[in-house]
Each structure stands twice: as C-alpha cells, then as structure tokens.
Amino acid sequence: MSRISTFLATLALALPLFSAAHAEVPKPAITIENPGTQCVAPPEEMRRNHMEMLKHQRIRTLRLGERGAKVSLNGCIECHASKATGAVTGSRDNFCETCHSYAAVKLDCWDCHQPKAGYKATGAMPAGEHQ
Amino acid sequence: MNAPDNKRRALLAAAGVGAVAIAPGILLVRASVAEEAGTRLASSKVRWGMLIDSTKCSSDCQECVIACNKENGIVEDVADPRQRSQWIRKIDLVEKRTGRQHSLPMMCQHCANPPCVDVCPTGASMKRADGIVLVDRHICIGCRYCMMACPYKARSFVHEPLTTQNPEVPRGVGCVEACTFCVQRVDRGQNPACMEACPQGAILFGDLNDESSELVKRLKEVASTQVRADLKLDTGVRYQGI
Numbered sequence: 032m033s034r035i036s037t038f039l040a041t042l043a044l045a046l047p048l049f050s051a052a053h054a055e056v057p058k059p060a061i062t063i064e065n066p067g068t069q070c071v072a073p074p075e076e077m078r079r080n081h082m083e084m085l086k087h088q089r090i091r092t093l094r095l096g097e098r099g100a101k102v103s104l105n106g107c108i109e110c111h112a113s114k115a116t117g118a119v120t121g122s123r124d125n126f127c128e129t130c131h132s133y134a135a136v137k138l139d140c141w142d143c144h145q146p147k148a149g150y151k152a153t154g155a156m157p158a159g160e161h162q
Numbered sequence: 019m020n021a022p023d024n025k026r027r028a029l030l031a032a033a034g035v036g037a038v039a040i041a042p043g044i045l046l047v048r049a050s051v052a053e054e055a056g057t058r059l060a061s062s063k064v065r066w067g068m069l070i071d072s073t074k075c076s077s078d079c080q081e082c083v084i085a086c087n088k089e090n091g092i093v094e095d096v097a098d099p100r101q102r103s104q105w106i107r108k109i110d111l112v113e114k115r116t117g118r119q120h121s122l123p124m125m126c127q128h129c130a131n132p133p134c135v136d137v138c139p140t141g142a143s144m145k146r147a148d149g150i151v152l153v154d155r156h157i158c159i160g161c162r163y164c165m166m167a168c169p170y171k172a173r174s175f176v177h178e179p180l181t182t183q184n185p186e187v188p189r190g191v192g193c194v195e196a197c198t199f200c201v202q203r204v205d206r207g208q209n210p211a212c213m214e215a216c217p218q219g220a221i222l223f224g225d226l227n228d229e230s231s232e233l234v235k236r237l238k239e240v241a242s243t244q245v246r247a248d249l250k251l252d253t254g255v256r257y258q259g260i
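Protein sequences, first through last, are from chains A and B. Everything in the first sequence is counted per my numbering, starting at 32 for the first residue and increasing by one. Everything in the second sequence is counted per my numbering, starting at 19 for the first residue and increasing by one.
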C-alpha cells in the first residue's frame with residue numbers, strides 16, 4: 032500500500048517536469064490603445080528607465096510642487112489606458128500589467144494613483160461610476 | 019600645526035562659486051516647468067494659512083466637509099464607519115458655564131513646528147517650503163505614529179483599498195493622510211475647496227507672510243486664536259470667536 036502511494040506521489044511531483052515545455056509564460060502583448068503624440072522618450076529608453084523617471088518626478092512634484100512636468104502618471108494613462116477596461120492595470124492585457132506580470136515585478140503605483148482614464152476634472156467621476 | 023593649505027582652499031572656493039552659478043540655472047528650469055503648466059512652485063517666501071470665523075459657522079452646515087470630500091475623492095461609505103477618512107470635520111463646542119454653543123471645522127493646522135513630522139520614522143510626514151504639511155505616501159509605512167502625535171486628531175488612516183481617487187489626489191490603502199490645503203489647487207493659484215464652498219464666507223485662506231493679503235489684513239483687525247497655542251506649534255490655521 033505504502034509503495035503505491037509513494038509511486039503516486041513521485042508521479043505527481045514529476046508531472047510538471049513533463050508539461051513544462053508547454054506552460055511557458057506568455058510574452059507581453061504591448062499595444063498602444065490611444066496613440067497620441069510621441070511618448071516623452073523613445074520606447075527603448077522608456078522600457079529601461081520609466082521607473083527612474085517617475086521616481087525623480089514624484090519627489091519634485093510632491094516636495095517642490097512642480098506640476099505639469101513632461102513625466103507624469105496621468106500622462107501615461109492618456110495614451111495607454113485600455114479601451115476595454117479604461118485602465119492601465121487590472122488585467123494581463125492592460126499596458127502596465129502585461130510586462131509587469133511577465134517580469135514578476137510588483138506594480139503598486141496604482142494602489143494610490145487613479146489607473147482609469149476619464150477621471151479628468153477635479154472631483155468628477157466618469158458617468159456611471161459610484162460616487 | 020601645518021600651514022593652511024591655501025591651494026586647496028582656493029579650489030574649494032572656486033567649486034563653491036561654480037555651485038552658486040549652477041544652482042540658479044537648475045531653479046530656473048524647474049520654475050519654467052511649473053510656469054508653463056500655469057502653476058507655481060512651493061516657495062519659502064510664502065506661508066499658507068487660514069482664518070476661520072467660528073461665529074459665522076453653524077452646526078447644521080457640512081458644506082466644507084462635502085466640498086473637501088468631492089475635491090479629494092473621499093468616499094463616505096466604507097465598511098466600518100469608524101474607519102472613514104476625515105480630512106476636515108465639524109465640531110460642536112459648548113461652554114459649560116454659559117451654555118454658549120458654536121461650531122467650527124477642524125483639520126490639519128499646518129503647524130510651523132509639526133509634531134507629525136518630528137515623529138515620522140521614514141521622513142514621509144513632511145512640510146513643504148510654503149508651510150503645507152503633507153504625507154509622502156511613496157515612503158509612508160502606515161505606522162500611524164503621526165496620528166498619535168497630532169494634538170488635533172487631524173490625520174486618518176486608509177484601511178481598505180480605494181478605486182475612486184481623483185487623479186490629482188492620489189491616496190491609497192496603508193497610508194496616513196490629512197488635509198493638504200488642497201495643494202493641487204493652491205499650486206494652480208486657486209483657493210482650497212472648503213473656502214470656496216463655505217456659504218457664510220467663514221473661511222479665509224491666504225499668505226501669512228504677505229502684508230497686503232486679505233488674510234493678514236483681517237488678522238490685524240480681529241482677535242484670533244490658535245488651538246492649543248500652549249504647545250507652541252505656530253499653527254497656520256487660526257480661529258476667530260473661540
């Protein structure tokens with residue numbers, strides 16, 4: 032009896048090895064949903080350095096009051112929010128999350144910042160949103 | 019004793035001159051970014067403050083609270099009402115001896131010597147050059163020492179994830195928050211939402227350092243009080259009629 036259960040346990044542990052070749056993480060699907068003007072930097076630079084750009088600007092905006100700089104999270108949303116969900120995060124198809132889930136890098140900007148387009152005017156919410 | 023190394027001193031002096039020459043350039047760039055966007059940078063020449071006339075304030079009016087919630091995207095219905103964020107709240111006061119009742123809004127007093135900044139272990143609780151006290155949520159760890167330190171109970175902690183933030187006012191779970199004097203409006207040259215909303219005109223916002231501002235003129239005319247002035251925090255918010 033114990034031999035059978037050992038065999039079954041070994042088989043269960045070994046199964047992922049057999050199927051590993053078929054279970055690759057899907058490559059990021061990058062689509063620019065609302066192509067507007069040129070991004071603030073070329074794609075290669077954005078991919079490498081967007082986090083540094085945002086990190087420097089967040090300090091200047093919060094502590095010095097520098098608003099309206101070219102690097103801006105609200106600016107990201109304007110071009111990159113998904114047409115389906117209106118957001119840059121929340122699903123693997125959305126712009127920010129597609130790479131971040133591929134690279135397994137936790138994305139916490141949108142815990143505080145509004146990830147949905149349409150929240151434009153001060154205090155105003157898109158039609159149909161819960162107030 | 020060795021003779022002073024004059025060569026080294028000269029070099030340091032030259033470096034100092036260089037730094038002075040570079041610094042205004044950097045400031046110029048920053049100022050121009052803000053100016054292009056129609057905003058202004060936080061300047062130490064300014065000290066933002068407020069005068070609240072509690073004699074005009076009635077206890078059944080919540081207009082300032084409603085306007086604050088709308089401007090800053092604060093949603094009222096959280097699972098536990100005790101966890102509701104309060105950036106501004108109305109307080110009713112009764113003088114026991116005479117029975118005189120009056121009402122006033124209480125919020126972050128934007129102290130010149132803020133205890134919340136003193137106790138913050140990460141530097142998240144900070145005061146801008148223009149005297150506005152803010153929380154840098156990027157480095158706030160949610161320890162809530164500042165909430166304990168604040169004599170005005172002005173700060174709130176966000177317990178649940180949020181989804182309906184105003185894009186200009188990021189706020190989220192695990193961080194402490196409080197009145198910002200509507201910093202996003204102030205940087206654009208506007209007044210805080212509570213002042214705009216008050217039907218009695220009981221709230222006056224302005225620059226405490228500007229002799230010609232309406233706020234300073236009024237402060238010269240009327241008797242105003244700092245709440246818990248004994249703590250010597252030099253509050254930016256002052257009250258009339260308490």
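Just so it is clear, CB atoms sit at the ideal spot from N, CA and C, and this is done for glycine as well. Please read all numbers here as calculations on a predicted model, not as lab measurements.
Can you pull the DSSP bridge partners for residue i?
{"i": "F223 of chain B", "result": "B:M68"}
{"i": "N326 of chain B", "result": "Residue coverage of chain B in this structure runs from 19 to 260, which leaves residue 326 of chain B outside it and unanswerable."}
{"i": "A118 of chain A", "result": "A:K147"}
{"i": "D110 of chain B", "result": "B:S121"}
{"i": "V135 of chain B", "result": "Looking at the DSSP assignment, V135 of chain B forms no beta bridge with any residue, so it has no partner."}
{"i": "K145 of chain B", "result": "B:V151"}
{"i": "F175 of chain B", "result": "B:V194"}
{"i": "S242 of chain B", "result": "B:Q258"}
What is the residue span of the beta strand (DSSP E) that residue i lies within?
{"i": "V151 of chain B", "result": "V151 to V153"}
{"i": "Y8 of chain B", "result": "Any question about residue 8 of chain B goes unanswered here, given that chain B covers just 19 to 260."}
Which one of the options has the shortest CA to CA distance from residue i?
{"i": "C126 of chain B", "options": "B:R155, B:A167, B:G117 and B:E94", "result": "B:A167"}
{"i": "R162 of chain B", "options": "B:A147, B:L180 and B:A142", "result": "B:A142"}
{"i": "C110 of chain A", "options": "A:P59, A:A54 and A:T68", "result": "A:T68"}
{"i": "S143 of chain A", "options": "B:P133, B:V83 and B:V176", "result": "Per the sequence shown, residue 143 of chain A should be read as Cys rather than Ser. Ranking the options by Cα distance to C143 of chain A, first place goes to B:V176."}
{"i": "K74 of chain B", "options": "B:N209, B:I109, B:S121 and B:T182", "result": "B:S121"}
{"i": "K63 of chain B", "options": "B:E229, B:Q218 and B:R115", "result": "B:E229"}
{"i": "E53 of chain B", "options": "A:G121, A:E97 and A:E76", "result": "A:E97"}
{"i": "A211 of chain B", "options": "B:C79, B:A85 and B:V234", "result": "B:A85"}
{"i": "Q218 of chain B", "options": "B:C79, B:T57, B:G56 and B:M68", "result": "B:C79"}
{"i": "T62 of chain A", "options": "A:V56, A:E55 and A:P74", "result": "A:P74"}
{"i": "V187 of chain B", "options": "B:K235, B:Q202, B:T116 and B:G160", "result": "B:Q202"}
{"i": "C197 of chain B", "options": "B:S61, B:S77 and B:C82", "result": "B:C82"}
Go through its chain and collect everything with a Cβ distance to residue i's Cβ below 7 Å, but skip five positions before and after it.
{"i": "R123 of chain A", "result": "T129 and S132"}
{"i": "C138 of chain B", "result": "Y163 and C164"}
{"i": "A220 of chain B", "result": "I70, D71, K74 and C75"}
{"i": "L138 of chain A", "result": "T120, C127, E128 and H131"}
{"i": "L85 of chain A", "result": "V102 and L104"}
{"i": "Y257 of chain B", "result": "I70, S72, L122, S242, T243 and V245"}
Can you name, in chain order, every residue of its own chain whose Cβ lies under 8 Å from the Cβ of residue i, other than the five neighbours on each side?
{"i": "I157 of chain B", "result": "T140, G141 and A142"}
{"i": "W66 of chain B", "result": "H128, D148, G149, I150, F199, V204, F223, G224, D225, L226 and G254"}
{"i": "V119 of chain A", "result": "C107, I108, H111, A112, S113, N125, F126, C127, E128, W141 and P146"}
{"i": "W170 of chain B", "result": "Residue identity check: residue 170 of chain B is Tyr in the sequence provided, not Trp. M124, M125, C126, Q127, V245 and R246."}
{"i": "T182 of chain B", "result": "G91 and V93"}
Who are the near neighbours of residue i in its chain, counting only those whose CB is closer than 6 Å to its CB and skipping five residues on each side?
{"i": "L180 of chain B", "result": "G190"}
{"i": "L111 of chain B", "result": "H120"}
{"i": "E64 of chain A", "result": "S113 and K114"}
{"i": "Q101 of chain B", "result": "H177"}
Ends of the alpha helix (DSSP H) at residue i?
{"i": "R100 of chain B", "result": "That residue, R100 of chain B, is in no alpha helix (DSSP H); it is neither H nor E in DSSP."}
{"i": "K88 of chain B", "result": "E81 to E89"}
{"i": "V204 of chain B", "result": "V201 to V204"}
{"i": "H131 of chain A", "result": "F126 to A134"}
{"i": "N105 of chain A", "result": "L104 to H111"}
{"i": "Y163 of chain B", "result": "Y163 to A167"}
{"i": "N80 of chain A", "result": "P74 to I90"}
{"i": "A211 of chain B", "result": "A211 to A215"}
Should residue i be listed as close to the ligand MN, given that the test is whether its C-beta is under 7 Å from any heavy atom?
{"i": "V194 of chain B", "result": "This structure lacks the ligand MN, and indeed carries no ligand of any kind."}
Quiz item: When Cβ atoms are compared, which residues of the region 94-128 of chain A fall closer than 9 Å to chain B?
Solution: R94, L95, G96, E97, R98, G99, A100, K101, L104, N105 and I108
Quiz item: Any residues in the region 151-172 of chain B with a beta carbon nearer than 8 Å to a beta carbon of chain A? Which ones, in chain order?
Solution: L152, D154, R155 and H156
Self-check item: Near-chain A residues of the region 53-86 of chain B (beta-carbon distance less than 8 Å), N- to C-terminal order
Solution: E54, A55, G56, T57, R58, L59 and A60
Practice problem: Determine which residues of the region 62-86 of chain A have a Cβ less than 9 Å from any Cβ of chain B, and write them out in chain order. | Solution: K86
Practice problem: Determine which residues of the region 177-192 of chain B have a Cβ less than 9 Å from any Cβ of chain A, and write them out in chain order. | Solution: P179, L180, T181, T182, Q183, N184, P185, E186, V187, P188, R189, G190, V191 and G192
Quiz item: Between the region 132-145 of chain A and chain B, which residues of the former have a C-beta closer than 8 Å to a C-beta of the latter?
Solution: Listed by position along the chain: D142, C143, H144 and Q145.
Quiz item: In the region 101-134 of chain B, which residues sit with their C-beta less than 7 Å from some C-beta in chain A, listed in chain order?
Solution: Along the region 101-134 of chain B, none of the residues has a CB nearer than 7 Å to a CB of chain A.
Quiz item: Using Cβ-Cβ distances below 8 Å, what residues of the region 195-209 of chain B are close to chain A?
Solution: When C-beta distances to chain A are compared with 8 Å, the residues of the region 195-209 of chain B below that value are V201, Q202, R203, D205 and R206, in chain order.
Quiz item: Between the region 233-246 of chain B and chain A, which residues of the former have a C-beta closer than 7 Å to a C-beta of the latter?
Solution: none
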